[in-house]
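Just so you know, the sequence shown maps onto residues 41 to 254 in my numbering. Backbone N, C-alpha and C define an ideal beta-carbon position, used for all residues, glycine too.
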Amino acid sequence: MRSPSIRALIAAGAALTCVTASAQTTPTRPALTRPGVLAAPATVDPGARPPSPDGIDWRGAVGGLRQSGNTGPGLGRGLDPAAVDKTKLPILLPADADLMGGARLYSFGDYYSITANLSGARVSLTGAAETTPLPAGSKLNLPAVGPEQLVVQRTVDGQLASFVRYGVLYTVELRCDAPSDARCRTEGFVRGLVAKSTVVVMGKAARQAAGLGA
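Right, dumping it as structure tokens:
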């Protein structure tokens, strides 16, 4: 697999910004194309399959599942079980029970979006196996940071962070009602959500792809 270009990451973040909505609106599945992505190092479970043709590092994902202690519903127990089972990706959640308590999951198989409400703000969490490269010469090129190629950018009403883990492009988007809200004026809050995103949930489709059975 090839390492993803920063253009692919930024393009995916921009596309997801356009389609991600508040918890009251059902997101629509964006039109995306597949880049080559390289997963960040993770604990390897010898019982899981090696990286698959779809580019997902299932060994790393199963290692994350074990590390998070989330072999059952766990933190994702409030999510729609049918949507979880439909998702062909490892679902990544922040270890924040208060935030995830009222969260909603919308799954399109190889893409998902989770929406959750905060006081005066909303959080959108997405995972995608495919992204759209930006055209050559685009002005949206930003430097990626660290092994997970983290990119944080300011949006019209908040902050958007994109990173690669297990061969999947994940985003964490924060949107605030008030322009003066300090959570959206700086990167600190959204970076904190990224740091908390350590819980892996895998439904039937993902477990089958990982070689764990249903």
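query                                                                                                                                    : result
Between Glu213 and chain D, is the shortest Cβ-Cβ distance under 9 Å, so that the two count as touching?                                 : Structure shown: chain D not included; a single protein chain is present.
Are the beta-carbon atoms of Val124 and Ala250 separated by less than 9 Å?                                                               : no
How many Å lie between Ala245 and Leu129 at the Cα?                                                                                      : 8 Å
Would the segment 215-223 and the segment 136-155 be scored as touching if the rule is three or more Cβ pairs under 8 Å?                 : no
Using beta-carbon positions only, say whether Arg231 and Ala201 come within less than 9 Å of one another.                                : yes
DSSP state of Ser159, grouped into three classes?                                                                                        : coil
Around the C-beta of Val196, are 16 or more other C-beta atoms found within 10 angstroms, so that it is buried, or is it exposed?        : exposed
Here's the rule I'm using: 16 or more other beta-carbon atoms within 10 Å means buried, otherwise exposed. How should Arg99 be labelled? : buried
Just tell me which of Gly104, Arg106, Gly141 and Lys126 has its CA closest to the CA of Leu115.                                          : Gly141
Taking only three categories from DSSP, how would you classify Gly95?                                                                    : coil
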